[in-house]
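Worksheet: one structure, shown below.
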Amino acid sequence: MGTGHNHGAGANERALLWAFVFTGGFMIAEVIGSFVTGSLALLSDAAHMFTDAAALAVSLAAIRAAGRPADRRRTWGYHRLEILAAAFNASLLFLVALYILWEAWQRFRNPAEVQSLGMLVVAVIGLAVNWLSMRILAGGSEHSLNVKGAYLEVWSDMLGSVAVIVGAGVIWLTGWTWVDALLGVAIAFWVLPRTWTLLREAGNVLMEGVPAGVDLDAVEQGILATPGVQGMHDLHVWELSSGKVALSAHVVVDATLAREERLEDTLGTILAERFGITHATVQVELPGAHGGQDPHAAWSVGHDAGGHDHGHEHEHDHGHEKGAAAHRAPGS
Numbered sequence: 001m002g003t004g005h006n007h008g009a010g011a012n013e014r015a016l017l018w019a020f021v022f023t024g025g026f027m028i029a030e031v032i033g034s035f036v037t038g039s040l041a042l043l044s045d046a047a048h049m050f051t052d053a054a055a056l057a058v059s060l061a062a063i064r065a066a067g068r069p070a071d072r073r074r075t076w077g078y079h080r081l082e083i084l085a086a087a088f089n090a091s092l093l094f095l096v097a098l099y100i101l102w103e104a105w106q107r108f109r110n111p112a113e114v115q116s117l118g119m120l121v122v123a124v125i126g127l128a129v130n131w132l133s134m135r136i137l138a139g140g141s142e143h144s145l146n147v148k149g150a151y152l153e154v155w156s157d158m159l160g161s162v163a164v165i166v167g168a169g170v171i172w173l174t175g176w177t178w179v180d181a182l183l184g185v186a187i188a189f190w191v192l193p194r195t196w197t198l199l200r201e202a203g204n205v206l207m208e209g210v211p212a213g214v215d216l217d218a219v220e221q222g223i224l225a226t227p228g229v230q231g232m233h234d235l236h237v238w239e240l241s242s243g244k245v246a247l248s249a250h251v252v253v254d255a256t257l258a259r260e261e262r263l264e265d266t267l268g269t270i271l272a273e274r275f276g277i278t279h280a281t282v283q284v285e286l287p288g289a290h291g292g293q294d295p296h297a298a299w300s301v302g303h304d305a306g307g308h309d310h311g312h313e314h315e316h317d318h319g320h321e322k323g324a325a326a327h328r329a330p331g332s
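Residue 5 in the UniProt record's numbering sits at position 5 of the sequence shown, and the numbers go up by one each step.
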């Protein structure tokens, strides 16, 4: 599992690097083209391309930093940097959308001449560049919020290029320069709800909310249905980063099973295979021992996000189960 994760991170890093090269290169051409043609839609798209390039650079830096190993100060590692990058990208894109709306309002009040042919040529090239970048990022966008943020930026830019092409054609045929400002507004309103979605997803991870794909009731029922488990309390499920789900819980078991290591394996299998929870810390308690747990019964079950077996002793202090994992697993 660790090898697969590293391979995926490497593929995401290469995709972000190539997308940054394409986006940054074309951004320069589009800025020049916007001044030559006088197109607001093209200038708006150029500003958007600038934020894309900046966002891709931040995403690339975050994915590299996230690969650093855990240390004594950051025992979970640097995975959250990817989520912070996703939140930054969404915030930046939100501000760009507001800027486009303001600039469009100014253009409605004071119409300006637009060179539709030059606008059309630059937009067609931009469409090709954005399509290529989007294809490069598509694979990683399903598994990483960081890459998803970059993918959404490039996707919205591609839509902007299509809108500019349509607008250039209309202006060339009719001379209606106000269409340019109208397209700027349309692009901004298309971008805004998508930035909110990404911000909400990133915020849920930072607030350690239950991941979107995890049904907490189903997890609870799955644990309670395990033979020998009599009860459970203090259940917490959260996401360390994209696709890295963790759990902590206190499980009350029958006294005859309290020292059975196969219960550890059973719970680890259920959580990993049915719910995708790859790092779980379970405090095993005897009936009536709530608040006074067996000092030998704190287990970490399953495998962590890097694929390392966690059926061994834990020494770290976790915010959800403070001190609960500081004991040796039975039989170890």
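Glycine included, each C-beta is placed from N, C-alpha and C at the ideal position.
For Asn-89, the closest of Asp-157, Ile-28, Leu-152, Ile-187 by C-alpha to C-alpha distance is Leu-152.
Ranked by how close their Cα comes to the Cα of Leu-216, the residues Gln-230, Arg-200, Leu-235 have Leu-235 in first place. Under the 8 Å Cβ criterion, the stretch 101-110 does not count as touching the stretch 78-92, having fewer than three qualifying pairs. Within the DSSP secondary-structure output, His-233 pairs in a beta bridge with His-250.
The DSSP-derived three-state label of Thr-177 is coil. In this structure Gly-149 is buried. Its beta-carbon is surrounded by 16 or more other beta-carbon atoms within 10 angstroms.
Between the alpha carbons of Gly-25 and Ala-55 lies a distance of about 15 Å. The beta carbon of Leu-127 sits closer than 6 Å to those of Ser-161, all from its chain and outside the five residues before and after it, given in chain order. The beta carbons of Glu-30 and Ala-15 sit no closer together than 8 Å. According to the DSSP assignment, Glu-285 belongs to no alpha helix (DSSP H) but to the beta strand (DSSP E) extending over 277-285. Cα atoms of Leu-198 and Asp-180: separation of roughly 28 Å, rounded to the nearest angstrom. Separation of Gln-221 and Gly-203 (C-alpha to C-alpha, rounded to the nearest whole angstrom) is 27 Å. Within the model, the alpha-carbon separation for Asn-12 versus Glu-285 is close to 42 Å. DSSP, read as helix, strand or coil, puts Val-214 in coil. The Cβ neighbour count for His-79, taken over all protein chains shown within 10 Å, is at least 16; the residue is labelled buried. With a 10 Å radius around the Cβ and a threshold of 16 neighbouring Cβ atoms, Glu-201 comes out buried. Under the 8 Å Cβ criterion, the stretch 224-235 counts as touching the stretch 243-257, having at least three qualifying pairs. Val-245 is not a Cβ neighbour of Gly-268, given a cutoff of 8 Å. By the CB criterion at 8 Å, Trp-131 and Ser-156 fall outside the cutoff. For the pair Val-237 and Val-214, the CB atoms are nearer than the 8 Å cut-off. In the structure shown, Val-245 adopts extended strand secondary structure according to DSSP, grouped into three states. Of all alpha-carbon atoms in Trp-172, Met-207, Ala-138, Leu-240, the one lying nearest the alpha-carbon of Gly-118 is that of Trp-172. Each residue's CA atom was taken as its position, placing Glu-82 and Thr-75 some 16 Å apart.
A check of alpha carbon separations from Trp-18 across Gly-209, Val-129, Leu-247, Ala-123 identifies Val-129 as the nearest. In this chain, the alpha helix (DSSP H) harbouring Gly-126 covers 116-138. Of all alpha-carbon atoms in Ala-57, Arg-194, Ile-100, Ser-116, the one lying nearest the alpha-carbon of Val-170 is that of Ser-116. In the DSSP annotation of this structure, Ala-70 is not part of any alpha helix (DSSP H), being labelled neither H nor E.
Rounded to the nearest whole angstrom, the C-alpha separation of Ala-65 and Ala-85 is 11 Å. Under the three-state reduction of DSSP output, Trp-105 falls in the helix class. Comparing alpha carbon positions, the residue from Asp-52, Ile-223, Ala-168 closest to Leu-93 is Asp-52. The Cβ-Cβ distance between Ala-97 and Ala-188 falls below 8 Å. DSSP, reduced to helix, strand and coil, places Trp-238 within a strand of the structure shown. Contact check for Leu-120 against Ala-168 passes: the beta carbons are separated by less than 8 Å. Inter-residue distance for Ala-272 and Leu-263 is about 14 Å (C-alpha atoms, whole angstroms).
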